[in-house]
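A.B. asks: Line order of the protein sequences matches chains A and B. In terms of the working numbering, the first sequence opens at residue 1 and continues consecutively. In terms of the working numbering, the second sequence opens at residue 1 and continues consecutively. Backbone N, C-alpha and C define an ideal beta-carbon position, used for all residues, glycine too. These figures come from a predicted structure and were not determined experimentally. Before anything else, here's the structure in question.
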Amino acid sequence: MLDKPRLETLLNAYFDCALTPEEKTELERMLLCSARAREIFREHAEHHGLLREWALRQQGSRLANVCPLPPMEDDPKILPFPRRLSLWVGIGLAACVALALLVLQLRPPAEKPVFSKSEPVADSEAPWNKVALLAGAVDVEWAEDSITPAMGEAIPKGWLKIKRGILRLDFYSGVRVVVEGPAELQLLSEGEARLDQGKLTAYVRPPAIGFTVHNREFTVVDRGTEFGMNVTGPDRCEVHVFKGEVALQGGIIKDGEKLLFAGDGVSVRDGKWTTISPDRHRFVDPEFLRSMSYRKLDAKYALWKEKSEKFRHTPGLGIYFDFEDIDFDHQILGNRSLAAERAGDGVIIGCEPSVGRWPKKGALGFARTSDRVRFRMDGETSSLTLLAWVRVDGLPLQHNQLFSMSPDAAGEVHWKLNQHGQMQTSVRVEGKRGDENWDILDSPPVITEKDFGYWLCLATVFDGENGVLKHYLNGKEVASGPWKRIVPIKLGVADLGNLAMPSAEQPKSSHWIRNFGGRIDEFALVTRALSAEEIREFAEMPEFLHAQLDLPVTHGVGPAIPK
Amino acid sequence: MNSEPDYEPDAHVTKVQELFIMHQPTVRGFILSMIPDMSLADDLVQETFLVVTRKAHSFELGTSFLAWVRTIARYKALETLRRNVRNSSNLALSEEVLDALSADNGNPPPDTEVYLQHLDSCVSKLTPQARKAIELRYNRGHGLPEIARLLGCTIPSASVTLSRARAFLRNCVDHQHKMSAT
């Protein structure tokens, strides 16, 4: 008896030029033994040919409209019009048969199209392979073979697998999808996914109509709606339509498509489907997800407040800007240090009020060349530690200054990021000008474009007692080098987020434009060398261990993710 | 006694060519059934057209054009398969099987224009991923590895997507055909 599904599989492989020798033998045996198999073969061949014909006419109609064939998205092969195509467009204009003949005679047969040799390798990191954003997550445990995006991070095509928890994905097409674990969801494109396990709720806005979710049983195509899917096994799937309209296609839907409207539902079990009433309560309420996320964020913020209170007592803490309760009326950024070495408050010049690591956390945004926080300390110190939580939004300048102090004096300090993402610090060892008068420590490039928009903890230690300079990123040492010509560090006029210059000095070239681009929501200056452990404690907050799993994106604010 | 033909010789060639164009989708399907590689098949359609033009005078109007052109196409396809036997050994069916396929009369070819109209409508109903797979296969002529790479999925997954898309289109076209017939 003819195994039709097997025949169909073999025929598909044959027409896609993907038959193995064994499969070819199997197909040949079937075709020789069964007239019905040959009939099915001819149907497939006819369809295959007509699809090619349809495709050629599509290209022909584009040509006829003097519209170049657009390169397909993600298709690196730029096909110049093959002569074959121009030929058949001519032929397609059937009235010009004689002309077609002329063209034909001029054309050498069997010419292959020339493909570009410079084919970029598919790269999940490439921006064009990213299809969605991880916009929220609660109590998520990732499977080992899953993509594990950080909060707010763009997600490439591929499988998201969670053992438990809830994810919110914002597809680039405009669809918001909530996934409840355990779940396995494959992101196929910005408008298409595949759900093999778990619950999914899709909120499809008008620009994203056509959003599609595949399953073994059928494909759900949105027509502008809100719907839920629940896949509990290989042969078990439900679709609940809460608003609007969806179309079911493929799989067990034999005739074209089946339309479902608000109030409709379908349950498929073991290849048979029945109608059901949609049950909104079986799917997570987005407001619940939102409030749960915010409750967790508020809890984390409260924990940080507690920690911040303790940090104010840190010995040697000269400046501690926590960016809370900023006095914008008087442009004052309060110095919260309670240590004996406490200096004065900061004065805000420019700088937009911003949101910090959590929705209720204050921050300042630095964007303009004039933006800075100016403060002053007096005296000298043999060692110094600078710490900051920053959100780097870009590194457009050669020098993107985080901090500078005591311009032109011996002991002047610069702290900055260069355009290559290196942390840089320098101490002026002579009052004279010239590069040779600085001791410098550059880290390897540690901040890349992937880090833009995320909160990072930066720290640098000037250890005068041991003659060492060190850089830390998120609590981990990333560079260390000798401080050979140790001089007392001069405390004085300082700028946070910009370059402090002598009042008599005016920028004469773009070289002196060194403002930082991003946000800062915590800064500390300590007049001693903090230990690696102290820096780790400042950067690595235990409650943040799961931060990347459960912080929603708020106003474009990224998470605090210890790296 | 010589009798003048009732049309000019060039006009006969033109008529044969018009028949070829009319039946071109069927010819293409026939060639693709022997040589599924789209690029090779396209070349063969053109070569067949050249032979048809060259031998147009041997075709008697009023007889079965399809039977005549299939003979030519089959000959050209077998010639190509024999020439490319090393490259195509995994793709091509044996001549015994091809003979068996040719021996059956099969169903008459569908009304191409109607079919293509339905196809056009049905393709628009495909999911974006399925539509892309179809376009990569049939517009671009890509093989499965390239399609998988461009879709960002595995080769088996691309194969399933493509197979399902074709099945959907076949069902959809049949459905539309039935609907338009009622």
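For chain A, check one thing: does any of its Cβ atoms lie closer than 8 angstroms to the Cβ of B/H177?
C.D. replies: In the second sequence, residue 177 of chain B corresponds to position 177, counting from 1. B/H177 does not count as touching chain A.
A.B. asks: If you draw a straight line from the alpha carbon of A/D3 to that of A/K199, how long is it in whole angstroms?
C.D. replies: Taking the first sequence and counting its residues from 1, the one referred to as residue 3 of chain A is at position 3. Taking the first sequence and counting its residues from 1, the one referred to as residue 199 of chain A is at position 199. Going by the C-alpha atoms only, they are around 35 angstroms apart.
A.B. asks: Answer with yes or no whether the minimum CB distance from B/D111 to chain A is below 8 angstroms.
C.D. replies: Counting from 1 along the second sequence, the entry for residue 111 of chain B is found at position 111. With 8 angstroms as the cut-off, B/D111 does not count as an interface residue toward chain A.
A.B. asks: Quick check: the Cα distance between A/E23 and B/P36, rounded to an integer number of angstroms?
C.D. replies: Working through the first sequence from its first residue, we reach residue 23 of chain A at position 23. Working through the second sequence from its first residue, we reach residue 36 of chain B at position 36. One C-alpha to the other measures close to 15 angstroms.
A.B. asks: Over the uninterrupted beta strand (DSSP E) stretch that includes A/I162, give me the two end residues.
C.D. replies: Here residue 162 of chain A corresponds to residue number 162 of the first sequence, with the count starting at 1. Looking at the DSSP string, the run of the beta strand (DSSP E) that includes A/I162 is G158 to F171.
A.B. asks: Residues of chain B with CB under 9 angstroms from A/K157, in chain order?
C.D. replies: Stepping through the first sequence from its first residue, residue 157 of chain A is reached at position 157. What A/K157 touches in chain B: L151, G152 and C153.
A.B. asks: For A/Q249, does the three-state DSSP call read helix, strand or coil?
C.D. replies: Taking the first residue of the first sequence as position 1, residue 249 of chain A is located at position 249. Looking at A/Q249 - three-state DSSP - the assignment turns out to be strand.
A.B. asks: Go ahead and pull the three-state DSSP assignment for B/G29.
C.D. replies: In the second sequence, counting from the first residue as 1, residue 29 of chain B sits at position 29. DSSP places B/G29 in helix when its eight states are reduced to three.
A.B. asks: Excluding sequence positions up to five away, which residues of its chain have a Cβ less than 6 angstroms from the Cβ of B/P5?
C.D. replies: Taking the first residue of the second sequence as 1, we reach residue 5 of chain B at position 5. With a pLDDT of 41 at B/P5, under the threshold of 50, the modelled position of that residue is not reliable, and no figure is offered here.
A.B. asks: For the ligand MG, I want to know if A/K416 counts as a neighbour, meaning its beta carbon is within less than 7 angstroms of at least one of the ligand's heavy atoms.
C.D. replies: By its list of ligands, the structure shown contains no ligand whatsoever, and the ligand MG lies outside what it can speak to.
A.B. asks: Going by Cα to Cα distance, which pick from A/V284, A/V175 and A/Y472 is closest to A/T225?
C.D. replies: As a working note, residue 225 of chain A is residue 225 in the first sequence. Answer by Cα proximity: A/V175.
A.B. asks: Please go through the stretch 395-448 of chain A and give each complete beta strand (DSSP E) segment of 3 or more residues, from N-terminal end onward.
C.D. replies: 399-405, 413-418, 422-428 and 438-445, all fully within the stretch 395-448 of chain A.
A.B. asks: What are the boundary residues of the alpha helix (DSSP H) that includes B/H118?
C.D. replies: Reading the second sequence from its first residue, position 118 is the one you call residue 118 of chain B. T112 to V123 is the span of the alpha helix (DSSP H), which, as asked, contains B/H118.
A.B. asks: Whose CA, out of A/S173, A/L167 and A/E192, lies closest to the CA of A/G181?
C.D. replies: Residue 181 of chain A sits at position 181 when you count from the first residue of the first sequence. Residue A/L167 is the option with its Cα nearest to A/G181.
A.B. asks: Using 8 angstroms for Cβ pairs, my map puts A/L387 next to A/A524. What's the rounded Cβ distance?
C.D. replies: One-based indexing of the first sequence puts residue 387 of chain A at position 387. One-based indexing of the first sequence puts residue 524 of chain A at position 524. Correct: roughly 4 angstroms between the Cβ atoms.
A.B. asks: In the DSSP assignment, the alpha helix (DSSP H) including A/E26 goes from what residue to what residue?
C.D. replies: As a first step, residue 26 of chain A is located in the first sequence; it is residue number 26 there, counting from the start. Unbroken alpha helix (DSSP H) run through A/E26: P21 to C33.
A.B. asks: Would you identify the three-state DSSP class for A/R368, choosing helix, strand or coil?
C.D. replies: Position 368 of the first sequence, counted from the first residue, corresponds to residue 368 of chain A. Correct three-state label for A/R368: coil.
A.B. asks: Go ahead and pull the three-state DSSP assignment for A/N498.
C.D. replies: Locating residue 498 of chain A in the first sequence gives position 498, counting from the first residue. Note: A/N498 maps to coil in three-state DSSP.
A.B. asks: If we define contact as Cβ-Cβ less than 8 angstroms, is B/S58 a contact residue for chain A?
C.D. replies: As a position in the second sequence, residue 58 of chain B is number 58, starting the count at 1. It does not: the Cβ of B/S58 has no partner Cβ on chain A nearer than 8 angstroms.
A.B. asks: Does any residue of chain A bring its CB to less than 8 angstroms from the CB of B/W68?
C.D. replies: Here the question's residue 68 of chain B lines up with position 68 in the second sequence. So no, B/W68 is outside the interface.
A.B. asks: Of all the options A/P407, A/W389 and A/W415, which has the alpha carbon lying nearest to the alpha carbon of A/N400?
C.D. replies: On the first sequence, residue 400 of chain A is found 400 positions in, with the first residue counted as 1. When only C-alpha atoms are compared, the closest one is A/W415.
A.B. asks: In this structure, how does DSSP classify A/H240 when only helix, strand and coil are distinguished?
C.D. replies: Locating residue 240 of chain A in the first sequence gives position 240, counting from the first residue. Note: A/H240 maps to strand in three-state DSSP.
A.B. asks: Determine the closest residue to A/G49 out of B/Y75, B/I147, B/A41 and B/A67, with distance taken between C-alpha atoms.
C.D. replies: Along the first sequence, read from residue 1 onward, the residue named residue 49 of chain A stands at position 49. Taking only the C-alpha atoms, the option nearest A/G49 is B/A41.
A.B. asks: List the residues of chain A that B/S187 touches, going by C-beta distances under 8 angstroms, in chain order.
C.D. replies: Not covered by the structure: residue 187 of chain B. The range shown for chain B is 1 to 182.
A.B. asks: Going by beta-carbon coordinates alone, are B/V45 and B/V27 separated by less than 8 angstroms?
C.D. replies: Numbered from its first residue, the second sequence carries residue 45 of chain B at position 45. Numbered from its first residue, the second sequence carries residue 27 of chain B at position 27. Contact: yes.
A.B. asks: Determine the burial state of B/Y115: buried for a count of at least 16 other Cβ atoms within 10 Å of its Cβ, exposed for fewer.
C.D. replies: As a first step, residue 115 of chain B is located in the second sequence; it is residue number 115 there, counting from the start. Per the 10 Å Cβ criterion, buried.
A.B. asks: List the endpoints of the continuous alpha helix (DSSP H) containing A/A13.
C.D. replies: Position 13 of the first sequence, counting from 1, holds the residue named residue 13 of chain A. Note, A/A13: alpha helix (DSSP H), K4 to F15.
A.B. asks: Taking the C-alpha atoms as reference points, what is the distance between B/D174 and B/L119?
C.D. replies: Taking the second sequence and counting its residues from 1, one reaches residue 174 of chain B at position 174. Taking the second sequence and counting its residues from 1, one reaches residue 119 of chain B at position 119. Their backbone Cα atoms lie some 10 angstroms apart in a straight line.
A.B. asks: Note down the Cα distance separating A/S426 from A/P396, rounded to an integer number of angstroms.
C.D. replies: Residue numbering aside, residue 426 of chain A sits at position 426 when the first sequence is read from its first letter. Residue numbering aside, residue 396 of chain A sits at position 396 when the first sequence is read from its first letter. Their Cα atoms are separated by approximately 20 angstroms.
A.B. asks: Under 8 angstroms between C-beta atoms, does A/L2 make it to chain B?
C.D. replies: The count along the first sequence starts at 1 and reaches residue 2 of chain A at position 2. Chain B contact via Cβ: absent.
A.B. asks: I'd like the list of long-range same chain contacts for B/A100, defined as Cβ closer than 6 angstroms, with 5 residues on each side in sequence excluded.
C.D. replies: Position 100 of the second sequence holds residue 100 of chain B. Once the five neighbours on either side are set aside, B/A100 has no close Cβ partner at all.
A.B. asks: Quick one: does A/C55 have its CB under 8 angstroms from some CB of chain B?
C.D. replies: On the first sequence, position 55 is the one that residue 55 of chain A refers to. Reading off the sequence shown, one finds Ala at residue 55 of chain A, where the question assumed Cys. Yes - at least one Cβ of chain B is within 8 angstroms of the one on A/A55.
A.B. asks: For B/F59 and B/H23, I'd like the C-alpha separation in whole angstroms.
C.D. replies: Residue 59 of chain B sits at position 59 when you count from the first residue of the second sequence. Residue 23 of chain B sits at position 23 when you count from the first residue of the second sequence. Each residue's Cα considered, the two are about 15 angstroms apart.
A.B. asks: Please decide whether A/P149 counts as near chain B, where near means a Cβ-Cβ distance under 8 angstroms.
C.D. replies: Counting from 1 along the first sequence, the entry for residue 149 of chain A is found at position 149. A/P149 does not count as touching chain B.
A.B. asks: Contact criterion: CB-CB distance below 8 angstroms. Does A/A45 meet it with respect to chain B?
C.D. replies: Translated into positions along the first sequence, residue 45 of chain A becomes position 45. Yes - at least one Cβ of chain B is within 8 angstroms of the one on A/A45.
A.B. asks: Please identify, using Cβ separations under 8 angstroms, the residues of the stretch 179-198 of chain A that lie next to chain B, in order along the chain.
C.D. replies: Taking 8 angstroms as the Cβ-Cβ cut-off against chain B, the residues of the stretch 179-198 of chain A that qualify are Q186, L188, S189, G191 and E192.
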